[in-house]
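Visitor:
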Amino acid sequence: MKILITGGAGFIGSTIASCCLDHGITPVILDDFSTGLKVFAEPHPHYEGDIADKALLDQIFQDHPDISAVIHCAAKIVVPDSVKNPLDYYHNNVGKSITLLQKLQEHGVKHFLFSSSASFYDPEENLLVSETSAVNPHSPYAASKWILERILQDIAAAGIIDVISLRYFNPIGADPQLRTGLQIPRPSHALGKMIEAYHDGKEFTVTGVDWPTRDGSGLRDYIHVWDLARAHVLALAKFDDVMAQSDTSHYEVINLGTGQGTTVIELVEAFGEATGKKLPYRTADPRPGDVVGCATTTDKAREVLGWEAEHSIADGVRDSLAWSAKLPDVLAKESR
Numbered sequence: 012m013k014i015l016i017t018g019g020a021g022f023i024g025s026t027i028a029s030c031c032l033d034h035g036i037t038p039v040i041l042d043d044f045s046t047g048l049k050v051f052a053e054p055h056p057h058y059e060g061d062i063a064d065k066a067l068l069d070q071i072f073q074d075h076p077d078i079s080a081v082i083h084c085a086a087k088i089v090v091p092d093s094v095k096n097p098l099d100y101y102h103n104n105v106g107k108s109i110t111l112l113q114k115l116q117e118h119g120v121k122h123f124l125f126s127s128s129a130s131f132y133d134p135e136e137n138l139l140v141s142e143t144s145a146v147n148p149h150s151p152y153a154a155s156k157w158i159l160e161r162i163l164q165d166i167a168a169a170g171i172i173d174v175i176s177l178r179y180f181n182p183i184g185a186d187p188q189l190r191t192g193l194q195i196p197r198p199s200h201a202l203g204k205m206i207e208a209y210h211d212g213k214e215f216t217v218t219g220v221d222w223p224t225r226d227g228s229g230l231r232d233y234i235h236v237w238d239l240a241r242a243h244v245l246a247l248a249k250f251d252d253v254m255a256q257s258d259t260s261h262y263e264v265i266n267l268g269t270g271q272g273t274t275v276i277e278l279v280e281a282f283g284e285a286t287g288k289k290l291p292y293r294t295a296d297p298r299p300g301d302v303v304g305c306a307t308t309t310d311k312a313r314e315v316l317g318w319e320a321e322h323s324i325a326d327g328v329r330d331s332l333a334w335s336a337k338l339p340d341v342l343a344k345e346s347r
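Numbered per my numbering, the sequence shown spans residues 12 to 347.
1. What's the gap between the Cα of Ser144 and the Cα of Glu135?
2. Flag this pair as yes or no: are the beta carbons of Leu68 and Lys114 separated by less than 7 Å?
3. Measure the beta-carbon distance from Phe131 to Asn147 and round it to whole angstroms, keeping in mind my assumption that it falls under 8 Å.
4. In the DSSP output, which residue or residues are listed as bridge partners for Ala306?
5. Among the residues of its own chain, which have a CB less than 7 Å from the CB of Ala167, if the five just before and after it don't count?
6. Using the Cβ count rule (16 or more neighbours within 10 Å means buried), how would you classify Arg190?
7. Which parts of the stretch 53-97 are runs of the beta strand (DSSP E), unbroken and 3 residues or longer, counting only runs that do not cross its ends?
8. So what does DSSP say about Asp33, is it helix, strand or coil?
9. Mapping the DSSP letters down to three states, classify Asp330 as helix, strand or coil.
10. Is it right to say Lys288 is buried, meaning 16 or more other beta carbons lie within 10 angstroms of its own, or is it exposed?
11. Considering just the uninterrupted stretch of the beta strand (DSSP E) at Tyr262, what are its terminal residues?
12. Which residue wins for smallest C-alpha separation from Ala285, given the options Ala325, Ser127, Val341 and Gly219?
13. So with Cβ pairs under 7 Å, would you call Ala63 a contact of chain C?
14. In whole angstroms, give me the CA-to-CA distance for Ser45 and Asp252.
15. Report all residues from its chain with a CB closer than 7 Å to the CB of Val303; omit the five preceding and five following residues, and keep chain order.
16. Taking buried to mean at least 16 other C-beta atoms within 10 Å of its own C-beta, is Leu98 buried or exposed?
17. Just to confirm, are Thr309 and Gly268 a CB contact at a threshold of 7 Å?
18. Take Phe72 and list the residues in its own chain whose beta-carbon comes closer than 6 Å to its own, dropping the five residues that flank it on each side.
19. Between Ala85 and Thr26, which are expected to be in contact by the criterion C-beta below 8 Å, what is the C-beta distance as a whole number of angstroms?
20. Give the straight-line distance between the Cα atoms of Arg313 and Gln256, rounded to the nearest whole angstrom.
21. Between which residues of its own chain and Ile206 is the CB-CB distance below 7 Å, once the five residues before and five after are set aside?
22. Which term fits Ser346, buried or exposed, when burial requires 16 or more other beta carbons within 10 angstroms of its beta carbon?
23. Start and end of the beta strand (DSSP E) containing Pro182?
24. Using 7 Å as the threshold, is the C-beta distance between Arg197 and Ala129 below it?
25. Based on Cα-Cα distance, which residue from Lys95, Ser141, Trp157 and Ser176 lies nearest to Ser126?
26. Which of helix, strand or coil does DSSP assign to Val120?
27. Whose C-beta lies closer than 6 Å to the C-beta of Ser155 among residues of the same chain, with five residues either side of it excluded?
28. If I measure Cβ to Cβ from Gly192 and keep anything under 6 Å in the same chain, skipping five residues before and after, which residues do I get?
29. Exposed or buried, Glu160, counting other C-beta atoms within 10 Å across all chains shown (16 or more means buried)?
30. Whole angstroms is fine: what's the gap from Val275's alpha carbon to Ala201's?
31. One question on the structure: do Pro297 and Glu214 come within less than 7 Å of each other, judged by their Cβ atoms?
32. Compute the Euclidean distance between the alpha carbons of Val220 and Asp133, then round it to the nearest angstrom.
33. If we call anything under 7 Å between Cβ atoms a contact, is Lys13 one with Asp77?
34. Tell me whether Pro339 sits in a helix, a strand or coil according to DSSP, three-state version.
Below you can see the structure in the form of structure tokens.
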């Protein structure tokens, strides 16, 4: 099997590409390298350019007429930036994706796997969401993901393309073989800040400890990026079976997560488990825009894909730490 991965040189896309290769699937990478790394794409057939470049898309399918499916990972993803520049996010994440889908229709591609987001769900009282939970995007980024999903539902219903949408929250870790990982030296998410505090010998700050959670800190659904990659590969392998069992018209949604989530304080404890040394932390008031958070149920992923998360949060911490040690050399190679 040969597939096209848009955004295949990014953190998640490149990990999916490695997982595909390990399972006998040939990934072809399309990335503009605005955030992805060329060194991530080099092991595979790859093309530099925009997902809305019609001539480039024609060239890819001319070179690889045996591409049978597309995994769509290309997107702008920074929530605060989306609030500041909403038109950029709607143009990139929605408008350009429409052009991509038009070209896929021309080239007869029938299987489309959307690497989506669970960020547009409205959490229920138990702080869990499922595939049937209410949708209420709180940022242009989240809204752009939901709008594209609505478009995908419509074209699937019209019989143009079959779609599986995989929705998830917070990926952590790295390819366990350290072929790829997060390409940002100092990420702003909680685990990134913990690694920064660990290396700098400082305390980590837990913002907000009065939320209605197990320990008062915010709840997040951290999932190892390799588990995410495995789910995408399983969805490819079982695509026709998933469609045959679907109650909807050529469109299926599957949530990916741990089933219970992890609080920020639990993540601190997992960090200590991974390193063998407790990470000191202090508490502070919530930051503007902070929310209690939520996690997703995983019953459907287990039933439909035979998938569940296999890596622990401590595994994610260990792999993130190992990757952060390797990243300077990777970025040096990228700059040459």
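Each residue gets a CB set at the ideal place from its N, CA and C atoms; glycine is no exception.
Guide: With the given structure in hand:
1. 8 Å
2. yes
3. 7 Å
4. Leu139
5. The residues Asp173, Val174, Ser260, His261 and Tyr262, in chain order, have a CB closer than 7 Å to that of Ala167 in the same chain once the five nearest residues on each side in sequence are set aside.
6. It counts as buried.
7. 57-59 and 78-83
8. Here Asp33 carries a helix assignment [DSSP, helix/strand/coil].
9. helix
10. exposed
11. Start and end: Tyr262 to Asn266.
12. Ala325
13. Protein chain content of the structure displayed is limited to a single chain, and chain C is not contained in it.
14. Rounded to the nearest whole angstrom, the C-alpha separation of Ser45 and Asp252 is 36 Å.
15. Leu138, Trp222, Pro223, Thr224, Gly229 and Leu230
16. Under this definition Leu98 is an exposed residue.
17. Here Thr309 is near Gly268, since their CB atoms are less than 7 Å apart.
18. Here the set comprises His118.
19. Between Thr26 and Ala85 the Cβ distance is about 15 Å, and since that is not below 8 Å, they are no contact.
20. 14 Å
21. Ser331, Leu332 and Ser335
22. With fewer than 16 Cβ atoms within 10 Å of its Cβ, Ser346 is classed as exposed.
23. Counting along the chain, the beta strand (DSSP E) containing Pro182 begins and ends at Asn181 to Ile183.
24. no
25. Ser176
26. coil
27. Tyr100, Tyr101, Asn104 and Val105
28. Ala185 and Trp334
29. Its Cβ being crowded by 16 or more others within 10 Å, Glu160 is buried.
30. For Val275 and Ala201, the distance between alpha carbons rounds to 8 Å.
31. no
32. 21 Å
33. Contact flag set, yes.
34. helix
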